[in-house]
Amino acid sequence: MLQFAQTAEQIGATGSTLEKGRVLAEYLSTLQSDDLSRAVLWMSGQPYGRSQRYRLNLGWKAIAQAVSELSDLSSAELSALYLKHSDLGDWGQEALAGRSGGEQVSLGEIAAGFDAIRLAKSAAQKQRCLQALLARLEPLQVKYVLKILSLEMRIGMQEGLVEAALARAFDVPLAAVQRTHMLTGDLGVTALRCQVGDLEKGELQLFQPVRFMLASPVETAAEAFARMRTPVLWTEEKYDGVRCQLHLSRDGRCELFSRDLKETTAAFPEVVEAAAGAGHELLIDGEILAHRGDRVLPFSQLQRRLGRKLVSRKLRLEAPVVLVAFDLLWLDGEPLLDLPLAERRRRLEALGLAWPFLLARLEDAADPPHLDQIFAETRERGNEGLMLKDPQSPYTPGRRGLAWLKLKRPLASLDVVVTAVEWGHGKRRQVLSDYTFAVRTEDGRLLNVGKAYTGLTDREIETMTKHFLAQTISEHGRTLVVKPEVVLEVTFDALQRSNRHRSGYAMRFPRIVRLRPDKPASEIDTLGRVEELYSRYFEREVPLAEVATGPGLAEAAAEVAGEDSAGDGR
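In my numbering, the protein residues as written are 3 to 572.
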């Protein structure tokens, strides 16, 4: 483990991606198979491979308590130390810096420690297992064990760099490494195949989730046609749901996976139940939407299901779901990745899947003006934007190429005032980079409506840190309440009703456009403006028929009509 930690330290110390790759490749080439798989996963911040489907379920509180029990520092000193670092690994290293000794612990022993934590039944037992593991380590090893457990190595080792390091370490083609990783979704498995030269056998398999194909962003219709270079684009609505990969065997076994390849089968039992009777082997890429009859419900309704081991009958009735399928990757033993999208779609339609399965509604766009018209219509319906697809494209897992594009434009911008700031994380841990902001009521009260941490340059953040430190009213841990003087222009993807902020609204994916030193806080946007935007774009429930096609839509509409009639006393 010490060699692993020293290698990670060396990787984190250089800003050169070439040097990072060289250092990692040199280290990986020295490892035996079991240690190779572990090291590759851990360098990318994963305690386990995705194909293992293990979860540690180890909370921040248990980690902090384990370190506290081993440290000679007081609670106040430990709190101050965390504010200094804002990183569990760096914090743990300094918190235990006064301890002497430390064993030569192997990667296998660390893995056994992780297994003990995973198998422990209670939070207290997990803490004791972690404490026993940390007690054997010297501070540098503690640092990287905690980074792995917190899923954040913060050494600049993205998965693409790990792929390149594997190709270099074992002298295999990078393209073959990338394809194997795309199909397995697991860096540990990919590393082992690199080591034994088994990359040619990589293939799609049911119940082994494959990385999702991704879309590159564009902001104009003209840019979309220029980049895609195809005479006709397929357009699909960009849904407000959960991306889902459905795996189904002929005997009815069904599993669902989210965009991060975690299993979500338990969250959507009605989809699983309906799939069981399909009579085919399938691997479908799609989006799960919550609905009320024939109307799409906000994403917040889906959030109530995520992470649950059991979805109650009450929740199933309050927010039932449909799966809108838009791609077919496997059919009855045949992988379809390399077929054109148009052929994959034809086979998907031929399946004739029943409710709650629907198909994404397609619309052709032949030129930029036509695409602009389609985009305007989808925004009026309250959807975020459009997915644009080349009908002749193959499915490339995990890649963000030009075969799929994502057309999104800022809906609107709001001028807001900063009310609180928070110390950042990682490379921004020494600056105040996270801004909570408010709009005003007609009588001048300030009500928070969002929090953003992207959009400003490093230099602007550094300058604003000095300003906010001088304008601090009170401190609450890592958060500083500041005088409401700094005005920002912010944009966002959506507005939703929320109890999180006193305004009653929350922004989804807010981003800072610019500082507005020219505008006083008395001239920021009002709560009325927020309500106006919400009412125009987001209050209306989008009809399912406007974003999807398939059986069951007419019955869903009739169900709502019946409910409305009953509500009117008719």
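Beta carbons: idealized from backbone N, C-alpha and C, even for Gly.
Which partner residues of Y397 appear in the DSSP bridge assignment?
Partner(s): none; Y397 has no beta bridge.
Skipping 5 residues on each side, what residues in its chain have a beta carbon closer than 8 Å to that of A99?
P141
Out of E487, I463 and E464, which one is the CA nearest neighbour of T474?
E487
My guess is that L490 and Y536 are in contact by the Cβ rule of under 8 Å, so how many angstroms apart are they, rounded?
Contact doesn't hold; Cβ gap of about 20 Å is too wide.
Quick one: is P575 buried, meaning 16 or more other Cβ sit within 10 Å of its Cβ, or exposed?
The shown model of the chain, from 3 to 572, leaves out residue 575, and the question about it has no answer.
Between V324 and D253, what straight-line distance do the alpha-carbon atoms span, to the nearest angstrom?
22 Å
Just confirm the distance between the C-beta atoms of L248 and E283, as a whole number of angstroms; I'd bet it's less than 8 Å.
Not confirmed; about 11 Å, so no contact.
Member of A167, S81 and Y437 whose CA lies at the smallest distance from the CA of S46:
A167
Endpoints, the alpha helix (DSSP H) within which P370 is located
P370 to E382
How far does the beta strand (DSSP E) with R245 in it extend, from its first residue to its last?
V244 to L250
Burial state of T459, where buried means 16 or more other Cβ atoms lie within 10 Å
exposed
If you draw a straight line from the C-alpha of Q177 to the C-alpha of L206, how long is it?
It is Ala, not Gln, that sits at residue 177 in the sequence shown. If I take the Cα positions, the gap works out to 16 Å.
Look up P219 in the DSSP assignment and say whether it is helix, strand or coil.
strand
7 Å Cβ shell around R383 - same chain, five flanking residues per side excluded
V544 and E548
Straight-line CA distance for V191 to G51?
8 Å
For the stretch 286-343, which segments carrying the beta strand (DSSP E) assignment without a break, of at least 3 residues, lie completely within its bounds, in sequence order?
323-333
Given a cut-off of 7 Å, decide if R411 and E257 are closer than it, judged by their beta-carbon atoms.
no
Identify the continuous beta strand (DSSP E) that holds R516 and give its terminal residues.
R513 to L517
From T493 to W425, what distance separates their C-alpha atoms?
22 Å
Just to confirm the assignment: which complete beta strand (DSSP E) runs, minimum length 3, are found wholly within the stretch 485-529?
489-493, 496-499, 507-510 and 513-517
So is Q95 buried or exposed if we call it buried at 16+ other beta carbons inside 10 Å?
buried
Continuous beta strand (DSSP E) stretch holding V419: start and end
S415 to W425
Bridge partners of W406, per DSSP?
K391
Alpha-carbon to alpha-carbon, K128 and A82
25 Å
Return the chain-ordered list of same chain residues with a C-beta closer than 8 Å to the C-beta of P337, the five sequence neighbours on each side being excluded.
E205, L206 and L331
Measuring CB to CB, does V483 end up less than 7 Å from Y507?
no
Under 8 Å Cβ to Cβ from V164, same chain only, skipping five residues before and after it: list those, please.
L26, V42, M45, S46 and L189
Buried or exposed (CB count within 10 angstroms, at least 16 for buried), A7
buried
Contacting residues, own chain, Cβ-Cβ under 8 Å from S39 (five flanking each side not counted)
G51, G190, V191, A193 and L194
Neighbourhood of D392 by C-beta, 6 Å cutoff - its chain only, sequence neighbours within 5 removed
M230, T232 and A405
In terms of residue numbering, what span does the alpha helix (DSSP H) encompassing R579 cover?
The question about residue 579 has no answer here: the residues shown for the chain are numbered 3 through 572.
Between the C-alpha atoms of N450 and V274, what's the straight-line distance to the nearest angstrom?
40 Å
Secondary structure of I150, DSSP reduced to three states:
helix
Look up W62 in the DSSP assignment and say whether it is helix, strand or coil.
helix
What do you get for W62, buried or exposed, if any count of 16 or more other CB atoms within 10 angstroms of its CB means buried?
exposed
So the candidates are T19, E462 and L319; which of them puts its Cα closest to the Cα of G158?
T19
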